[in-house]
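These notes are about the structure you will find just below.
2 protein chains.
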Amino acid sequence: MTVDAKVPVSGQSGKDPDKTAEIYRAAIRIFREKGYHATSINEIADAVHLTKAGLYYYIKGKQDLLYRIMDNAMNAIEQIVVAEADEERDPVQRLRKVIAGHCSLITKEGNGALAILVNELEGLPEAQRIEIESRQKAYVHFVREILDELRAAGKLRPLDSTAGAFGLLGMVLWTSRWFEPQGRLSSEEVTAQVAEMALGAVLRSG
Amino acid sequence: MTVDAKVPVSGQSGKDPDKTAEIYRAAIRIFREKGYHATSINEIADAVHLTKAGLYYYIKGKQDLLYRIMDNAMNAIEQIVVAEADEERDPVQRLRKVIAGHCSLITKEGNGALAILVNELEGLPEAQRIEIESRQKAYVHFVREILDELRAAGKLRPLDSTAGAFGLLGMVLWTSRWFEPQGRLSSEEVTAQVAEMALGAVLRSG
Numbered sequence: 021m022t023v024d025a026k027v028p029v030s031g032q033s034g035k036d037p038d039k040t041a042e043i044y045r046a047a048i049r050i051f052r053e054k055g056y057h058a059t060s061i062n063e064i065a066d067a068v069h070l071t072k073a074g075l076y077y078y079i080k081g082k083q084d085l086l087y088r089i090m091d092n093a094m095n096a097i098e099q100i101v102v103a104e105a106d107e108e109r110d111p112v113q114r115l116r117k118v119i120a121g122h123c124s125l126i127t128k129e130g131n132g133a134l135a136i137l138v139n140e141l142e143g144l145p146e147a148q149r150i151e152i153e154s155r156q157k158a159y160v161h162f163v164r165e166i167l168d169e170l171r172a173a174g175k176l177r178p179l180d181s182t183a184g185a186f187g188l189l190g191m192v193l194w195t196s197r198w199f200e201p202q203g204r205l206s207s208e209e210v211t212a213q214v215a216e217m218a219l220g221a222v223l224r225s226g
Numbered sequence: 021m022t023v024d025a026k027v028p029v030s031g032q033s034g035k036d037p038d039k040t041a042e043i044y045r046a047a048i049r050i051f052r053e054k055g056y057h058a059t060s061i062n063e064i065a066d067a068v069h070l071t072k073a074g075l076y077y078y079i080k081g082k083q084d085l086l087y088r089i090m091d092n093a094m095n096a097i098e099q100i101v102v103a104e105a106d107e108e109r110d111p112v113q114r115l116r117k118v119i120a121g122h123c124s125l126i127t128k129e130g131n132g133a134l135a136i137l138v139n140e141l142e143g144l145p146e147a148q149r150i151e152i153e154s155r156q157k158a159y160v161h162f163v164r165e166i167l168d169e170l171r172a173a174g175k176l177r178p179l180d181s182t183a184g185a186f187g188l189l190g191m192v193l194w195t196s197r198w199f200e201p202q203g204r205l206s207s208e209e210v211t212a213q214v215a216e217m218a219l220g221a222v223l224r225s226g
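Residue numbers (this note's numbering), protein chains in the order written: chain A, 21 to 226; chain B, 21 to 226.
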């Protein structure tokens with residue numbers, strides 16, 4: 021269940037989708053290593069064995085590439101994490117699914133796009149930054165509503181929904197910084213542990 | 021309790037400490053807004069009403085400034101957060117103090133240095149990056165040891181200490197992204213809520 025595999029890459033009609041996916045993966049890796057601003061379009065072209073002109077057949081430029089990576093990452097959040105969590109009627113199970121789904125997406129190998137999404141927003145032109153931010157806000161709102169529902173059911177600790185939602189998301193998003201695909205803990209183990217902590221953080225005990 | 025107020029600014033003997041603090045504050049603000057790489061030394065000089073030459077009286081360069089900001093932020097973690105938590109013998113109270121102390125440091129107005137610390141490490145020269153990273157690792161180890169102690173006392177959920185420590189730190193560190201000094205929730209409220217969630221995340225219920 022990777023971003024590239026399940027979410028259609030947008031705006032690529034007529035172009036080799038494998039090459040496009042390879043470009044995205046290379047750009048994600050280099051953006052993460054060096055930061056968006058410090059990355060040149062030449063480095064991305066070199067990494068995928070294209071000339072600069074060849075690369076421009078697939079993308080309009082570095083900013084366009086950044087936007088597409090973020091757009092795909094938000095698609096994955098919306099079409100996988102939110103969509104699957106939304107199938108659960110019980111708010112406890114819905115919360116577990118959204119946390120585990122998001123954590124799984126981040127920790128699956130090759131999904132550095134989710135890290136780019138939260139760290140490089142200021143690299144986008146204003147209109148696209150506003151679009152991505154509004155989708156991120158809708159996602160935070162989705163988590164906040166689950167907490168509101170838990171409160172109504174008497175299951176929430178005495179927490180503000182906003183602080184609660186950002187507290188949980190911080191825990192999930194931070195996995196993109198410390199999780200090592202070849203490390204001691206598997207993606208599944210980290211996902212299970214983060215979900216356990218997340219529910220414990222917000223649910224009343226006993 | 022701000023970084024500037026309690027932790028001595030290092031390596032500034034003979035120079036106006038107020039001006040030095042002003043330079044740090046301006047650099048922190050601009051680094052956070054634009055990112056370290058996209059910030060020019062001229063912008064920092066302009067922000068503090070100095071010529072570039074005047075600025076170089078206080079700092080050796082942009083990288084030196086980045087290192088000093090991170091060094092001061094780590095000093096605050098070590099000399100305030102860890103030192104105060106270390107006074108507590110009970111591991112539950114020690115955990116509460118380290119989470120609340122760190123969260124308070126981040127959410128107090130003007131402490132954007134803690135955000136720089138986690139986002140701009142790759143801007144440092146290698147030797148300094150390694151130094152800061154090893155101090156960060158020692159801090160993570162401090163949190164992990166509290167979790168080990170809680171496990172020994174039968175108070176920890178079935179959690180891996182590393183996943184637990186990073187889960188908690190993610191929750192705390194993320195406050196630097198969403199907390200608004202002029203917003204609805206005060207620094208004290210957010211600190212109390214994050215501490216409540218952190219203990220709930222790792223302690224066995226009941």
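Positions of the beta carbon are idealized from the N, C-alpha and C atoms, including for glycine.
The structure presented is a predicted model; accordingly, all values stated were derived computationally and were not measured.
- Within the same chain, Cys-123, Ile-126, Thr-127, Val-210 and Val-214 come within 8 Å of Thr-195(A) by CB-CB distance, once the 5 residues on both sides are set aside.
- In this structure, Ala-185(A) lies near Leu-167(A), with their beta-carbon atoms less than 8 Å apart.
- Between Asn-62(A) and Lys-72(A) a beta carbon distance of about 6 Å is seen, short of the 8 Å cut, so the two are scored as contacting.
- Judged by DSSP in its simplified three-state form, Leu-205(A) adopts coil rather than helix or strand.
- For Leu-170(A), the secondary structure class from DSSP, reduced to helix, strand or coil, is helix.
- In the three-state reduction of the DSSP assignment, Leu-134(A) falls in the helix class.
- Beta-carbon to beta-carbon, Lys-175(B) and Arg-224(B) are separated by about 6 Å, close enough to satisfy the 8 Å threshold.
- Where Trp-198(B) is concerned, the enclosing alpha helix (DSSP H) starts and stops at 195-198.
- Arg-52(B) and Ala-93(A) have their alpha carbons spaced roughly 23 Å apart.
- Here Glu-216(B) is buried, its C-beta having at least 16 other C-beta atoms within 10 Å.
- At a cut-off of 8 Å between beta-carbon atoms, Lys-54(B) makes contact with chain A.
- Under the three-state reduction of DSSP output, Leu-188(A) falls in the helix class.
- Straight through space, the alpha carbons of Ile-48(A) and Thr-59(A) are spaced by roughly 11 Å.
- Pairing Ile-119(A) with Val-192(A) gives a Cβ-Cβ distance under 8 Å.
- For the options Glu-208(B), Pro-201(B) and Glu-151(B), the alpha carbon positioned closest to that of Asn-95(B) is the one of Glu-151(B).
- Under the Cβ distance rule, Phe-186(A) counts among the residues neighbouring chain B, one pair being separated by less than 8 Å.
- Within the segment 95-129 of chain A, no residue has a Cβ lying closer than 9 Å to any Cβ of chain B.
- In the structure shown, the three-state DSSP call for Leu-70(A) is coil.
- Neighbourhood of Asn-139(B) in chain A, by CB distance below 8 Å: Asn-139, in chain order.
- Proximity of chain B to Asp-180(A) at the Cβ level (cut-off 8 Å) is accounted for by Leu-205, Glu-209 and Gln-213, in chain order.
- The contact set of Ala-58(B) on chain A, defined by CB atoms closer than 7 Å, consists of His-57 in chain order.
- For Arg-177(B), the residues of chain A that pass the 8 Å Cβ criterion are Glu-216, Met-217 and Gly-220, in the order they occur in the chain.
- Residues of the same chain with a CB within less than 8 Å of the CB of Leu-144(B), apart from the 5 flanking positions on each side, are Gln-83, Leu-86, Tyr-87, Met-90 and Ile-152 in chain order.
- Under the Cβ criterion of 8 Å, Leu-189(B) is counted among the residues facing chain A.
- Closest in alpha carbon position to Ala-41(A), among Tyr-78(A), His-57(A), Tyr-56(A) and Asp-66(A), is Tyr-78(A).
- Between Leu-137(A) and Gly-34(B), the alpha-carbon positions lie close to 44 Å from each other.
- For Glu-146(A), there are no neighbours in chain B by C-beta distance under 9 Å, as the nearest C-beta there is about 14 Å away.
- Within chain A, the C-beta atoms nearer than 9 Å to that of Glu-142(B) come from Glu-53, Lys-54, Gly-55 and Ala-58, in chain order.
- Within 8 Å of the CB of Leu-193(A), the CB atoms of chain B belong to Gly-190 and Trp-194, in sequence order along the chain.
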